[in-house]
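Heads up, the sequence shown is in this note's numbering, so the first residue is 47 and it goes up one at a time.
Note that CB positions come from ideal geometry on N, CA and C, so glycine has one too.
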Amino acid sequence: MLANEMNKRIKLFRPVITRDVLGAETVTPEYVTTVWAKAEAMSNRKIRTADQQQVIEVQQFTVRSRKDIDINWLIEHQGRRFTVRAVDNNQPDRSIISAEAEVRHDRA
Numbered sequence: 047m048l049a050n051e052m053n054k055r056i057k058l059f060r061p062v063i064t065r066d067v068l069g070a071e072t073v074t075p076e077y078v079t080t081v082w083a084k085a086e087a088m089s090n091r092k093i094r095t096a097d098q099q100q101v102i103e104v105q106q107f108t109v110r111s112r113k114d115i116d117i118n119w120l121i122e123h124q125g126r127r128f129t130v131r132a133v134d135n136n137q138p139d140r141s142i143i144s145a146e147a148e149v150r151h152d153r154a
């Protein structure tokens, strides 16, 4: 992978489970770091449920090798948050992350 292909800045957040005073669990994102990445749109698939239309956008992010990224982490890119669904660490020099974001159509 060429260094000039990683030309996008993304923020990484990991989910942290905390308990409130009544003992209920709350999942909140905790900022980890900002890294350079290559971002590619992989697909958009439309889902219709209960008279609403959704588009699930799948992005692939390639970053320098990181072993700490796991599923359910969040990636912030261009003001939107993507949920990590899979991480491929099979190559020693990079991690390939598949993430998705739900985007609703503009409908009245």
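Per-residue burial, residue i [other beta carbons within 10 Å of its own, 16 or more giving buried]
i      : result
Asn141 : Correcting the residue type first, residue 141 is Ser in the shown sequence and not Asn. Flag for Ser141 reads buried.
Pro138 : exposed
Leu48  : exposed
Ala87  : exposed
Residue i to residue j span [Cα, whole Å]
i      : j      : result
Ile102 : Glu71  : 27 angstroms
Gly69  : Val62  : 15 angstroms
Glu51  : Val67  : 47 angstroms
Thr108 : Ala85  : 7 angstroms
Gln106 : Asn53  : 14 angstroms
Arg127 : Asn136 : 25 angstroms
His123 : Val73  : 21 angstroms
Pro75  : Ser89  : 25 angstroms
Glu146 : Val133 : 12 angstroms
Spatially closest choice to residue i from the options, by CA coordinates
i      : options                          : result
Tyr77  : Val67, Phe59, Met52 and Met88    : Phe59
Ile117 : Gln105, Pro61 and Val130         : Val130
Thr80  : Val73, Ile115, Ala132 and Asp134 : Ile115
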